[in-house]
Each structure stands twice: as structure tokens, then as C-alpha cells.
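Below is one structure; the comments refer to it alone.
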DNA sequence: GTTTGTGAAGGCATTCACAGCT
DNA sequence: AGCTGTGAATGCCTTCACAAAC
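In C-alpha cells, the structure reads:
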């Protein structure tokens, strides 16, 4: 996808550990590079890309150095080439199918969320326990392709996961049901869960959980805000 | 609020730094303690509370030791007392007023979100740029008290912030408008911002921003998921 | 001259392991 | 005997600073 015939080091055994801290920043780099590419900018320095993503230039360079030596000294990085390398490293070329459990306000917001579809994530199934929701249609995706998905019954969770081929599960249920939902997602073969319920999910080894806790974020802000008052 | 006449060390100059890592875990401890209190459990060990929140018992004890010496050796912690100390430390006794900018799916989901109201956060104002939304009513809060809020025009942002007395701002706009919204929130006096837009916000010193990036979370999961495939 | 890539240094967070209370 | 609180040790992440490459 890019530039001069740069030495295509597709080192297949590319599994020397990338630290978790670095992984957590790659999406931000990827997004900034996408913006730059859309603005048809060809090259970018570590300084500039760092400013766009809110990290120091030294940290950015160290992060990127873990992926490979994709820059040119004295020049910078080529936007398209670096963007492609990051997308490859993060598996954004694959299409990732997502099942959302819990179609309340949050679940629905996630289903509509444009940021997913545009980055290789596709919501392929919706599940809820509420009898009045089951069987209804919900719009998924935003810009361009919006499809409608039927809300499936919680009791069909396992078969829905298997039929849809989802590999990523989103838990957007109330706290009470979250652990049970998680257990069943795991039983159905899901090994990566994004949890919005305000509880700590216990899962077997080999299963990843990331937690997003909206109220906690506000609490952390409030803590600092409180300290600011003179 | 609690138990025996424990020596009430209300050390007013209680500003010896608590590390950011510890602060980020306090909300989880608080939530677990709330659950235990509702289940009328009186005491809890570091081991048990740690299991509920997904940290090691040693880390939990070190975290709590930064707040003070609120446990009893050989016994454990008293649930209500510890809960109160954490809530005080985090400023959850105050009422925190929140303004949400961007009343799309996500903004609306946040407005409805029950977890806010129940922890001292109150959504007091909604702002959006969309002419078709301005002037309409949106339900806020969930269990029990749901109120309706009028959506205000983006051009009224500053006056809305000042009238409502909001100290916390939530940016739930598309990426394009987020920086401008942030600038205006800061100008209106807001010094703590929760940002859901997928951009890095640049703010003056003294202003805190926390970022929640839904697509990034999925990308991070996908990264690990990719590595699992045998 | 400019900017990357990277050892080395420094700082921060977590775990260990046990002294100190109850 | 049991559990907390905490110095010491470990490990991880970030920053520094400069050699290497253009």
C-alpha cells in the first residue's frame, strides 16, 4: 500500500512481546495516522504524531520501535506505510464480529456507534433478557451501511454466538446479570469480552476482559476536581 | 455512620499524595463495599475485598494504607466505616453537577445511565448542535427520579454551564467538534472533562481530561485475540 | 542539519514477606 | 492464631540523551 519498495520485512515470527502499555496506545496512533492520510499528508515526524496523540515523542518512537524500524532518520515516518503496519500488527485487516448482550440505552448506543464499523468491527448479533425487546429490530451501524438486527432471547445466547461466528462479546447488561452472561459467553467460545457492567467479571485463564466503567471515570475526575478547590 | 468510637483522625491536611493508580481503583473498592453493605455484611478481609475487585490482597492493603489505617489487624475492615472513608476521600458526599455536550445515542445513553445518579452525579444540562434536537426534552436518570431536561443550543454553552453550576463536562460529540467544545467548556470554567470523542483534547494546565474510547477498547481486545489463534 | 532508534537512567507501581497488633 | 500495614525487592514503563542514519 505504500511508497518506495521499502524492504518488506514481513517477519512472520513477529511475536516478540509488545508491552501492554504500548498496545493500549496503538489505536490512538492508528487513528491519528488515518486522519493525516485523509488530509493527504505524506510524512509525519515523531514530534508531530506525538502531539496529535498526547504522548511524548520519545515514547512514541519507543512504541513504534517495538513494531519494527519503519521510520527514516532525518526524515520521519511515511503516513500510509506506518498506518498499514500498525493495522496489520493490530489485526484490523481481519473483520471482527461482535455480539452485544444487553440492548438498553448503552447497548443500543454501541450498536449505532459509527466508530466500530469503520475500523473492522461489525455488530452481528444482539441479545437481551427483556421479553418486550426480544424480536424487535434495532438499527446497527451509522454512516452509510445501517442494517437492522433482531434482538435474540438471552436463552438463545449460545446458539446465537455460534451461528453468528462472533469472537468478541460486549456485556452491556445491569450489574446483576453480568457474571452469568459472561459465563455463558465463555461457554459459547468467546475469549475476549468488553464489559460495561459495574462489576469485576471472573473468567477462566485465556479469556481477556476489558472493563469500561462510566461512573468510575466521573468519580476519578471528581476526586481530582475536589483537590483543586483552593 | 459507623461502629465503635474509632479514633476519628480527621486529619485536615490530608493531602499527602495518593498515586494515580490507587485513585483509579478506589471506585471499584467503593462499589464492592456498597454491595457488601447492602447485603448487611459487617466486616471484610483484604483477601475477600480484593477478590471482589480483581486485585491482589497486597495491593488492596497498600492502596487502603494510603488513605489511613482503617483496618484492624487480625480482624479485617469494617464495611460501613471503610466505605465512608473512601467516599469522603473521593468527594462523593458532595453533589457533582454534570453537563453533557452531544445528545446523540451515546449522550442520551449517558443521560439515562443509572450509575451516575446513584453516586452523587447529577446531569443538570444537555447541549447539542443539532437544530432538530434543540428545544426537545430528554429523560435523565433512571431508577426512581427521572427528570426531563431541555436540549440547549451549542451557542448557549457558556451561559448554560454558568447557570447550571456544572463542574464536570462530558464531551459526547463527533470527533470533529470535540476540540472546539472542549475549548468552550474550559472558557466557561469547567476544569474536568470526560471525553468520549476519538480525539486527543488539548487543554490548559489545571484542566483534567479523561478519555473513554470505545473503538480503541475493542481494538485492544482484537489485538490479543489475534495472538491467541493457534 | 534533522530525526529516528535505543541503551542507560530514573521513576513508579506491584509483589514479597514479615513485623506488629488484636 | 489471624490479618493488617509496610519496608524492601522486583519489575515495568517512561524519560533522557546521544549515536546512527539520512
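Protein chains in written order, with the working numbering: chain A, 1 to 230; chain B, 231 to 460. Ideal placement from N, C-alpha and C gives every residue a C-beta, glycine not left out.
Not a single CB atom of chain A sits nearer than 8 Å to the CB of residue 367 of chain B. Using a Cβ-Cβ cut-off of 9 Å, residue 149 of chain A is close to nothing in chain B; its nearest Cβ partner there is about 15 Å away. For residue 128 of chain A, the enclosing beta strand (DSSP E) has its first and last residue at 121 to 128. Judged by beta-carbon spacing, residue 173 of chain A lies beyond the 8 Å limit of residue 151 of chain A, meaning their Cβ atoms are not closer than that value. For residue 154 of chain A, there is no enclosing alpha helix (DSSP H), as DSSP marks it with neither H nor E. Membership of residue 440 of chain B in the beta strand (DSSP E) is indicated by the continuous run 438 to 441. Ranking B:295, B:445, B:280, B:290 by CA distance to the CA of residue 246 of chain B puts B:295 first. As the crow flies, the alpha-carbon of residue 75 of chain A is around 18 Å from that of residue 52 of chain A. Straight across, the Cα-Cα distance linking residue 111 of chain A with residue 141 of chain A is about 6 Å. Taking C-beta atoms under 8 Å as the contact rule, residue 193 of chain A and residue 201 of chain A qualify, at a distance of about 7 Å.
For residue 284 of chain B, the secondary structure class from DSSP, reduced to helix, strand or coil, is coil. The Cβ of residue 364 of chain B sits no closer than 8 Å to any Cβ of chain A. For residue 82 of chain A, the enclosing alpha helix (DSSP H) starts and ends at 79 to 90. Judged by beta-carbon spacing, residue 398 of chain B lies within the 8 Å limit of residue 221 of chain A, meaning their Cβ atoms are closer than that value. Among the residues facing chain A, residue 321 of chain B is included, as its CB has a counterpart in that chain under 8 Å away.
If you check each beta-carbon in the region 414 to 432 of chain B against every beta-carbon of chain A, the ones closer than 7 Å belong to 421, 422, 424, 428, 430. Pairwise C-beta distances place the region 302 to 319 of chain B out of contact with the region 377 to 392 of chain B, as fewer than three of them are shorter than 8 Å. As computed with DSSP, residue 132 of chain A is found in no beta bridge at all. The beta carbon of residue 429 of chain B is closer than 6 Å to those of 405, 408 in its chain, skipping five residues each way along the sequence. Per DSSP, residue 117 of chain A is one residue of the alpha helix (DSSP H) stretching across 114 to 117. In the DSSP assignment, residue 450 of chain B falls within the alpha helix (DSSP H) that extends over 444 to 458. Taken atom to atom, the span from the alpha-carbon of residue 249 of chain B to that of residue 447 of chain B is near 24 Å. Cβ neighbours of residue 386 of chain B within its own chain (closer than 8 Å, five residues either side excluded): 357.
Judged by DSSP in its simplified three-state form, residue 367 of chain B adopts strand.
Between residue 360 of chain B and residue 224 of chain A, the gap from beta carbon to beta carbon reaches 8 Å or more. DSSP, read as helix, strand or coil, puts residue 302 of chain B in strand. Within chain A, no residue has its beta carbon less than 8 Å from that of residue 277 of chain B; the closest one is some 14 Å off. In the DSSP assignment, no residue is bridged to residue 336 of chain B. Exposure of residue 41 of chain A is indicated by the presence of fewer than 16 other C-beta atoms within 10 angstroms of its C-beta. Minimum Cα-Cα distance from residue 261 of chain B among the listed residues B:251, B:287, B:348 corresponds to B:348. At least one C-beta of chain A is nearer than 8 Å to the C-beta of residue 443 of chain B. Around the Cβ of residue 355 of chain B, a 10 Å sphere holds 16 or more other Cβ atoms; the residue is buried. The DSSP-derived three-state label of residue 46 of chain A is helix. Residues are counted here when their Cβ sits less than 9 Å from a Cβ of chain A; for the region 320 to 353 of chain B these are 320, 321, 322, 324, 326, 328, 334, 335, 336, 337, 338, 339, 340, 341, 342, 343, 344, 345, 346, 348, 349, 350, 351, given in chain order.
Annotation: the continuous alpha helix (DSSP H) that includes residue 26 of chain A extends over 20 to 38. Our two residues, residue 211 of chain A and residue 72 of chain A, have alpha carbons roughly 37 Å apart in a direct line.
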